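**Student:** Numbering (the numbering used here), first residue to last: 438 to 813. By construction, the Cβ of each residue, glycine as well, lies at the ideal position given by its N, Cα and C atoms. Being a predicted model, the structure only gives us computed values, none of them experimental.
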Ligand code: PMP
């Protein structure tokens, strides 16, 4: 067992220790090449092998169908908020985007898309304080929208779609665009419901700087004239993500995380099915402790609580700046790091991504109980 602290950061977030150790071991000389991965040409034999293996493993882990392309890009989630409309909004000259606002990140996506498209808010759970997801049957969808955008896991507000919406059943033929930055690879994905999915790497995958894009092939080739070539999905796909220099070190580390995940076992299961099972157990343990507490509370409706990001707060009279501070200082003293909530909502947040072991959640739950015994 490691002596490293448990790191609950929302991102950049903890990576599997075995991966960090492998990266450290290979830092000066990757597989006898005499080079660090950082020092290799992205077009050389060594890096081509690293990138191809990473893509193959990712496709296998998430069972990505062959009519989807996987792109390794740069720019992160916020850049995709512009890159997606620049590529998709102009399909068939429609320029219409329907956006579901279910938290801070999908709200940002809708705002950015307005610069490139006619955006309609299909549903907005903001007036209720983002405590539940707007039910798909209530969404206002336009028949001629170029796409419908959702964020399938709201990192700040702690809400997760446990099932992707079936747009066809809702009367829309538009492709679904999914920002899955903060729960990609934590669970399986139903690709039959997806047109495009994107994710920044810095939560469940690897270092910041790498963005994954999964795009259905028929959605390539519709970029607006103003779209930078390096962000035109068709250009990137045709060059196998090597149109410009990709974030090579990030792809290498991501590839090691994919191998770690492929080898991950839980009971009879392996890979993403196994990690999903463990994520369900970790989240259940933490939410049960919070629900049983008279000092702490969670505010998200039970059916849409995120398995990855768990915001929690001191209740009522306990919610003072001093007690919040005591909680965080006490956590740090116990080697439980980065539990401070996002500045826009305050309180606390435990991000329990794939790399967080069960022991980390158990240690947090033990601390919640001790804190309650002391102050409750
Ligand atoms: N979308 C989601 C769901 C996120 O959690 C984040 C980052 N926390 C972003 C987008 C923005 O990502 P970036 O900072 O990489 O642009």
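How would you write the range of the alpha helix (DSSP H) that residue 543 sits in, first residue to last?
**Tutor:** First-last of the alpha helix (DSSP H) with residue 543: 541-550.
**Student:** Which residues mark the beginning and the end of the beta strand (DSSP E) in which residue 558 is found?
**Tutor:** Note, residue 558: beta strand (DSSP E), 555-561.
**Student:** Can you check whether the CB of residue 591 is closer than 8 Å to the CB of residue 542?
**Tutor:** Going by C-beta atoms, residue 542 is nearer than 8 Å to residue 591.
**Student:** Helix, strand or coil: which one does DSSP assign to residue 705?
**Tutor:** The answer is coil: DSSP assigns residue 705 none of H, G, I, E or B.
**Student:** Indicate whether residue 499 and residue 709 have their beta-carbon atoms separated by less than 8 Å.
**Tutor:** Contact flag set, yes.
**Student:** Which of the three DSSP states is assigned to residue 522 in this structure?
**Tutor:** Three-state result, residue 522: helix.
**Student:** Can you tell me whether residue 669 is buried or exposed, with buried defined as 16 or more other CB within 10 angstroms of its CB?
**Tutor:** Label assigned to residue 669: buried.
**Student:** With the cut-off set at 8 Å, would you say residue 583 and residue 528 are in Cβ contact?
**Tutor:** Taking 8 Å as the Cβ cut-off, residue 583 and residue 528 qualify as a contacting pair.
**Student:** Could you tell me which residues DSSP pairs with residue 683 in its beta bridges?
**Tutor:** Answer is none; residue 683 lacks a bridge partner.
**Student:** Taking one C-beta from the region 467-477 and one from the region 660-680 each time, how about it: are there three or more such pairs within less than 8 Å?
**Tutor:** They do not touch, by the three-pair rule.
**Student:** To the nearest whole angstrom, what separates the beta carbons of residue 579 and residue 602, a pair I think is in contact under 8 Å?
**Tutor:** Not a contact, Cβ separation roughly 15 Å.
**Student:** For the region 513-532 against the region 640-652, are there 3 or more C-beta pairs whose distance is under 8 Å?
**Tutor:** Verdict: yes, contact present.
**Student:** Just to check, is the beta-carbon of residue 588 closer than 7 Å to a non-hydrogen atom of the ligand PMP?
**Tutor:** Answer for residue 588: yes, Cβ within range of the ligand PMP.
**Student:** Pairing CB atoms from the region 443-451 with CB atoms from the region 791-809, are three or more of them under 8 Å?
**Tutor:** In short, these stretches touch, since the Cβ pair count reaches three.
**Student:** Per DSSP, residue 750 is paired with what?
**Tutor:** For residue 750, which the question treats as bridged, DSSP gives the partners 734.
**Student:** Could you spell out where the alpha helix (DSSP H) holding residue 805 opens and where it closes?
**Tutor:** Segment 795-812, the alpha helix (DSSP H) holding residue 805.
**Student:** Report the option in 715, 619 and 770 whose CA atom is closest to the CA atom of residue 449.
**Tutor:** Answer by Cα proximity: 619.
**Student:** Could you give the residue range of the beta strand (DSSP E) that holds residue 649?
**Tutor:** Where residue 649 is concerned, the enclosing beta strand (DSSP E) stretches over 648-653.
**Student:** Assess, as a yes-or-no matter, whether the region 515-526 is touched by the region 564-578 under the definition of 3 or more beta carbon pairs within less than 8 Å.
**Tutor:** The region 564-578 is not in contact with the region 515-526.
**Student:** Go through its chain and collect everything with a Cβ distance to residue 621's Cβ below 6 Å, but skip five positions before and after it.
**Tutor:** Answer for residue 621: 636 and 641, listed in chain order.
**Student:** Hey, which unbroken runs of the beta strand (DSSP E) at 3 residues or more fall wholly within the region 580-663?
**Tutor:** Counting whole runs of 3 or more residues, the region 580-663 contains the beta strand (DSSP E) stretches 584-588, 613-616, 633-637 and 648-653.
**Student:** Going by DSSP in three states, residue 744 sits in which element: helix, strand or coil?
**Tutor:** In this structure, residue 744 counts as coil in the three-state DSSP scheme.
**Student:** Between which residues of its own chain and residue 653 is the CB-CB distance below 7 Å, once the five residues before and five after are set aside?
**Tutor:** Within the same chain, residue 653 has close Cβ partners 504, 505, 612, 632 and 633.
**Student:** Whose CA, out of 625, 537, 552 and 719, lies closest to the CA of residue 588?
**Tutor:** Checked all of 625, 537, 552 and 719; the closest Cα to residue 588 is 537.
**Student:** Are the CB atoms of residue 744 and residue 623 within a distance shorter than 8 Å?
**Tutor:** Yes.
**Student:** Measure the alpha-carbon distance for residue 484 versus residue 705 and round it to whole angstroms.
**Tutor:** Looking at the two C-alpha atoms, the distance is approximately 34 Å.
**Student:** At a threshold of 7 Å, does residue 592 count as lining the ligand PMP (C-beta to nearest heavy atom)?
**Tutor:** Checking the Cβ of residue 592 against the ligand PMP gives yes.
**Student:** Just list the residues that DSSP pairs residue 787 with in beta bridges.
**Tutor:** BP columns for residue 787 point to 747.
**Student:** Span of the alpha helix (DSSP H) holding residue 494?
**Tutor:** First-last of the alpha helix (DSSP H) with residue 494: 482-499.
**Student:** Quick check on DSSP: helix, strand or coil for residue 782?
**Tutor:** In the structure shown, residue 782 sits in coil (DSSP, three-state: anything other than H, G, I, E or B).
**Student:** The beta strand (DSSP E) spanning residue 505 covers which residue range?
**Tutor:** That run of the beta strand (DSSP E) goes 505-510.
**Student:** State the DSSP-derived secondary structure class of residue 728, mapped to helix, strand or coil.
**Tutor:** Of the three classes helix, strand and coil, the one that applies to residue 728 here is helix, per DSSP.
**Student:** Rounded to whole angstroms, what is the Cα-Cα separation between residue 581 and residue 452?
**Tutor:** Cα to Cα, residue 581 sits roughly 42 Å from residue 452.
**Student:** Can you tell me the Cβ-Cβ gap for residue 767 and residue 808, rounded? I've got them flagged as a contact below 8 Å.
**Tutor:** With 8 Å as the limit, residue 767 and residue 808 qualify as a contact, their Cβ atoms being about 6 Å apart.
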